[in-house]
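Scroll down for the structure; my scribbles are underneath it.
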Amino acid sequence: MDVKIESSWKEVLKDEFQKAYFEQIVMFLKHEKALGKTIYPSGNLIFNAFDKTPFDNVKVVILGQDPYHGPGQAHGLCFSVQKGIKPPPSLVNIYKEMQKDIGSAIPETGDLTPWAESGVLLLNAMLTVRDGEPASHSKIGWESFTDAVIRKVSDLKDGVVFMLWGKFAQDKQVLIDGTKHYILKAAHPSPFSADKGFFGCRHFSKANEILTRQGKEPVNWQL
Numbered sequence: 001m002d003v004k005i006e007s008s009w010k011e012v013l014k015d016e017f018q019k020a021y022f023e024q025i026v027m028f029l030k031h032e033k034a035l036g037k038t039i040y041p042s043g044n045l046i047f048n049a050f051d052k053t054p055f056d057n058v059k060v061v062i063l064g065q066d067p068y069h070g071p072g073q074a075h076g077l078c079f080s081v082q083k084g085i086k087p088p089p090s091l092v093n094i095y096k097e098m099q100k101d102i103g104s105a106i107p108e109t110g111d112l113t114p115w116a117e118s119g120v121l122l123l124n125a126m127l128t129v130r131d132g133e134p135a136s137h138s139k140i141g142w143e144s145f146t147d148a149v150i151r152k153v154s155d156l157k158d159g160v161v162f163m164l165w166g167k168f169a170q171d172k173q174v175l176i177d178g179t180k181h182y183i184l185k186a187a188h189p190s191p192f193s194a195d196k197g198f199f200g201c202r203h204f205s206k207a208n209e210i211l212t213r214q215g216k217e218p219v220n221w222q223l
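Everything in the sequence shown is counted per the UniProt record's numbering, starting at 1 for the first residue and increasing by one.
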């Protein structure tokens with residue numbers, strides 16, 4: 001099966017693209033389209049996280065759960081929205097923590113593409129969603145694929161900083177070799193939980209301290 005994805009990831013994940021579950025994902029999405037369902041993000045952006053952050057460039061991983069399910073929002077990067085779209089509440093809280101942690105100005109844009117281009121893999125566990133129906137594609141096989149992505153990063157790289165926000169992301173810790181990677185955990189930045197351990201986590205400065213200690217270029221979090 002020919003999957004349109006950045007070449008380094010295509011090589012790393014080639015075995016996954018041949019598996020039955022991935023074939024089922026493709027068939028499901030084709031069926032949804034045939035039924036006239038609107039799927040987010042658009043097809044050319046489903047693998048945007050991989051296209052913007054080639055495998056060799058990955059130095060930080062932020063895990064999300066489900067793409068945004070409103071028009072114009074999702075573009076394949078977790079927590080990020082397309083240019084011109086108002087930043088959602090969780091992203092606003094991420095910006096507030098950034099400001100307190102590293103003194104950055106609150107960005108006007110919700111587009112996190114510059115993070116992705118500087119080595120931050122912004123990975124959702126599910127890569128698609130039906131319009132207006134959160135978690136509607138949570139059972140179609142995407143987690144098998146994205147779990148494999150996390151394992152590949154863990155197995156084939158060293159010294160990656162994993163930022164796990166909330167229980168869903170923290171449950172993925174079992175896929176990560178903590179003896180050679182760095183795991184930062186905090187509450188989810190959602191308004192329902194941000195004041196229970198996300199605010200004050202200082203993950204942005206901590207990640208850069210870890211990268212600097214390894215001789216890696218720190219992330220420019222300022223957008």
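Note that CB positions come from ideal geometry on N, CA and C, so glycine has one too.
Endpoints, beta strand (DSSP E) assigned at residue i
i      : result
Phe162 : Val161 to Trp165
Val174 : Segment: none, Val174 is in no beta strand (DSSP E) and carries neither H nor E.
Extent of the continuous alpha helix (DSSP H) run through residue i
i      : result
Leu211 : His203 to Arg213
Val12  : Ser7 to Val12
Asn48  : Asn48 to Lys52
Met126 : Per DSSP, Met126 belongs to no alpha helix (DSSP H) and is neither H nor E.
Secondary structure of residue i, DSSP reduced to three states
i      : result
Asn220 : coil
Glu184 : It is worth fixing the name first, because residue 184 is Leu in this sequence and not Glu. Leu184 falls in the strand class under three-state DSSP.
Val61  : strand
Tyr68  : coil
Val120 : strand
Own chain partners of residue i with C-beta closer than 8 Å, once the 5 adjacent residues on each side are dropped
i      : result
Val160 : Val58, Lys59, Val60, Val61, Val153, Ser154, His181 and Tyr182
Tyr68  : Tyr40, Ala74, Val81, Pro88 and Val129
CB contact flag (residue i, residue j, <8 Å)
i      : j      : result
Trp165 : Pro189 : yes
Phe50  : Glu6   : yes
Gly76  : Ile46  : yes
Gln214 : Gly141 : no
Lys206 : Leu184 : yes
Gly103 : Phe79  : no
Val120 : Val219 : yes
Other residues of its chain near residue i: CB distance less than 7 Å, five sequence neighbours each side excluded
i      : result
Ser8   : Pro54, Phe55 and Asp56
Lys196 : Ala187
Sequence-distant residues of the same chain with beta carbon closer than 6 Å to residue i, five excluded per side
i      : result
Glu117 : Lys52
Glu126 : The question names Glu, but residue 126 is Met in the sequence shown. Asp66, His137, Ser138 and Trp142.
Subject >> Touching by the beta-carbon criterion (3+ pairs, under 8 Å), the region 140–151 and the region 79–90 >> reply: no
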